[in-house]
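Report on one structure; see the data block that follows.
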Amino acid sequence: MYKKEVDWSLFNYGFAIPLDYQVAFKKISERYMERGESKDIRLYLNGKTYSARLNNNRIAAKFGAHTDIVQVRYEKNSEIAEMLRQVFHRSYAYIESQKQLQKPGSKKHIPIPEELKEYLVVYTTEYDDTYIVETMVTEEIDTVKTLVRGQPERLFEAALEEDEGNCGFGNSDCIRKFRKMNRLVGDNLKQLYDYRCQICGAAIGNEYDAHIAEAHHIRYFVWTMDMDAGNQMILCPNHHSLIHRLDPVFDRQRLRFVFPNGTETKLVLNRHLKATG
Ligand SMILES: [Zn+2]
Ligand SMILES: [Zn+2]
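Take my numbering: the final residue in the sequence shown is number 328, and no numbers are missing along the way.
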């Protein structure tokens, strides 16, 4: 699964998928595609199938290093580009209006303000040439924001993990979309840690073939709506409860929690969070 912020390139020629971020795409490109190779793919969006190309390129990154990158490509006048301009009409209108203010031919990147940001979410399927594409537009993001803002985080996290059915926060299409994406990220992380708690390393339940590890949102979801892997960690139910009871500060730079009584607890397991300043 890959979540892409809507920008100018999406309306004109496609988007790139950073490989360090998306294991599933990496596997596909490694298994089926040589470097420099490209192939036809299908994008399934809102009940319709669109054609596009997938390129596996090796590009020069900053500072002279090389990196592999997977790119989804289509023509500006293709059906998929037309559809994306329709669905993300707000972003498109915003970018177009900003372009008017620029000098003709300017290649300057146009940043979209936080409250207008929209997203494309790409899911892999069991077929290596077919991808499911979902859209998150501002109306939906605003709806979910209104529903979750200020709600108890622990309850909302539990609701997000629930199976299908009503999660207590309504069952609208947009809640369903958020839940699906959130869960997929959480499930991938649980597998990555073999259902172990990143604080204590315990895998409670594994001996009984049961998994009760939980996904925690570092910056609370009810305020940030951030469900990317970089904002989730895997915890045992005990440590998860403790975190929500005491609300310690998570020190990103040193990857540790600082509790109100001064105790610092470092993560014993970490394979996905990058220490940042
Ligand atoms: Zn634990
Ligand atoms: Zn939590």
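All residues carry an ideal CB built from backbone N, CA and C; glycine is no exception.
Since the structure is predicted, the reported quantities are computational estimates derived from the model, not experimental observations.
| Query | Result |
| --- | --- |
| Determine, using beta carbons only, whether T176 comes closer than 8 Å to chain C. | Absent from the structure is chain C; it holds one protein chain and no more. |
| Here's the rule I'm using: 16 or more other beta-carbon atoms within 10 Å means buried, otherwise exposed. How should N312 be labelled? | exposed |
| Under 8 Å between the Cβ atoms of C248 and L297? | no |
| In the DSSP output, what is F66 paired with across the bridge? | V123 |
| My understanding is that K241 touches A209, with C-beta atoms under 8 Å, so please give their C-beta distance in whole angstroms. | K241 to A209, Cβ: 15 Å. No contact. |
| Does at least one heavy atom of ligand 1 sit under 7 Å from the Cβ of L286? | yes |
| Cβ of I250 within 7 Å of any heavy atom in ligand 1? | yes |
| Could you give the DSSP three-state label for Q137: helix, strand or coil? | helix |
| With 16 other CB atoms within 10 Å as the buried threshold, where does V199 fall? | buried |
| Is A266 near ligand 1, judged by its Cβ being under 7 Å from some heavy atom? | no |
| If we ignore side chains and look at the alpha-carbon of each, how far apart do V184 and E133 end up? | 15 Å |
| Quick check on this structure: which residue in N63, L211, V319, R141 has the alpha carbon closest to the alpha carbon of E169? | R141 |
| With burial defined as no fewer than 16 other Cβ atoms inside 10 Å of the residue's Cβ, what is the status of D91: buried or exposed? | exposed |
| Out of Y244, Y259, E258, point me to the one whose CA is closest to G252's CA. | Y244 |
| Anyone know if the C-beta pair for N16 and E88 falls short of 8 Å? | The first residue shown for the chain is 52 and the last is 328, placing residue 16 beyond what the model contains. |
| Please look up how many angstroms separate the CB atoms of I192 and M276, rounded, as I've assumed it's under 8 Å. | 7 Å |
| Strictly by DSSP, which residues pair up with Q283? | H268 |
| Compute the Euclidean distance between the alpha carbons of F308 and H290, then round it to the nearest angstrom. | 11 Å |
| Let me check one thing: in DSSP terms, what residues is E130 bridge-paired to? | In the DSSP output, where bridge partners are listed per residue, E130 has none listed. |
| Between which two residues does the alpha helix (DSSP H) harbouring M232 extend? | 224-243 |
| Report whether the distance from the Cβ of N263 to the nearest heavy atom of ligand 2 is below 7 Å. | Here the sequence assigns Ile to residue 263, which means Asn is not the residue at that position. Checking every heavy atom of ligand 2 against the Cβ of I263, none is found closer than 7 Å. |
| Any heavy atom of ligand 1 within a distance shorter than 7 Å of the CB on H290? | yes |
| How many Å lie between K154 and F139 at the Cα? | 24 Å |
| Measuring only the C-alpha atoms, how far is N321 from S157? | 42 Å |
| What first and last residue would you give for the alpha helix (DSSP H) that runs through K196? | 189-199 |
| Looking at ligand 3, does it come within less than 7 Å of R205, judged from the CB to the closest heavy atom? | Ligand 3 is not part of this structure, which contains only ligand 1 and ligand 2. |
| Tell me F308's beta-bridge partners as DSSP assigns them. | F301, T316 |
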